[in-house]
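Visitor:
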């Protein structure tokens, strides 16, 4: 695996931990944005593939996640998280001036990345949205009917057809296995609405990749969101039988081949 190092910075709501997978003279910078309840350490394999493809890779643990500070899985405003990701991009650019930037977000990270594309469109070369929470996500209004959201843990089997993925997830002490915080659900609702009404991504090359059998973030709901924000350069990849974590699926090589081919195309035209 590619070598990495860590550093911290004070973000909008406290201490953030960032991991960097280094590469001298990269062709592009990849900013990884992880999903709800997890941490950037679960993307080691993705980062390794991207480094071997020519990227210097950066990713933070969001506030309330992984090794970053804050109450666990508490996000009161996702705009703050988008701002924290931008701080990571600024550091990456300072270390590699003039190098193109690609943002890659999964699940909740796909929602953050979509909003990032709206806010910082001009500075990006490409955007990759993997199983993004965007459009209609039924679990949010459902759980908001409760004053205290019930503790309904994620079934590890819904992550991937590879059972080892679920087993490692279930045993990971840095993964949150408890209930949603109500304030976080409210923040999801606000951000989903903000993205839907803000407008399209314009000419920003965007790859939307999704598992056909995604039970955590169902395909039809995300399609509503994609239709609302897609610009003039959208590539769509739907993987038959694949579940939520397509970067950890049994066909992950195919998925990452598609991601790197898409990035190659955008770099060629950059």
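Residue numbers (the UniProt record's numbering): 1 to 270.
Where a beta carbon is used, it is the ideal one built from N, C-alpha and C, also for glycine.
For residue 271 versus residue 225, is the C-beta spacing smaller than 9 angstroms?
Guide: Because the chain in this structure spans residues 1 to 270, residue 271 falls outside the shown range and cannot be described.
Visitor: Could you check whether residue 245 and residue 211 sit closer than 9 angstroms to each other, using their CB atoms as the reference points?
Guide: Yes.
Visitor: Does DSSP classify residue 68 as helix, strand or coil?
Guide: coil
Visitor: Can you tell me whether residue 243 is buried or exposed, with buried defined as 16 or more other CB within 10 angstroms of its CB?
Guide: buried
Visitor: Work out the CA separation of residue 181 and residue 44 for me, nearest whole Å.
Guide: Using only the alpha carbons, I get a separation of about 28 angstroms.
Visitor: Label residue 25 either buried or exposed according to how many other C-beta atoms from any shown protein chain fall within 10 Å of its C-beta, with 16 as the threshold for buried.
Guide: exposed
Visitor: Just to confirm the assignment, what range does the alpha helix (DSSP H) spanning residue 197 have?
Guide: 182 to 198
Visitor: Which term fits residue 146, buried or exposed, when burial requires 16 or more other beta carbons within 10 angstroms of its beta carbon?
Guide: exposed
Visitor: Tell me whether residue 55 sits in a helix, a strand or coil according to DSSP, three-state version.
Guide: strand
Visitor: Look up residue 238 in the DSSP assignment and say whether it is helix, strand or coil.
Guide: strand
Visitor: Do residue 23 and residue 57 have their beta-carbon atoms positioned less than 9 angstroms apart in this structure?
Guide: yes
Visitor: Reducing DSSP to helix, strand and coil, say where residue 2 ends up.
Guide: coil
Visitor: Report the three-state DSSP secondary structure of residue 230 (helix, strand or coil).
Guide: coil
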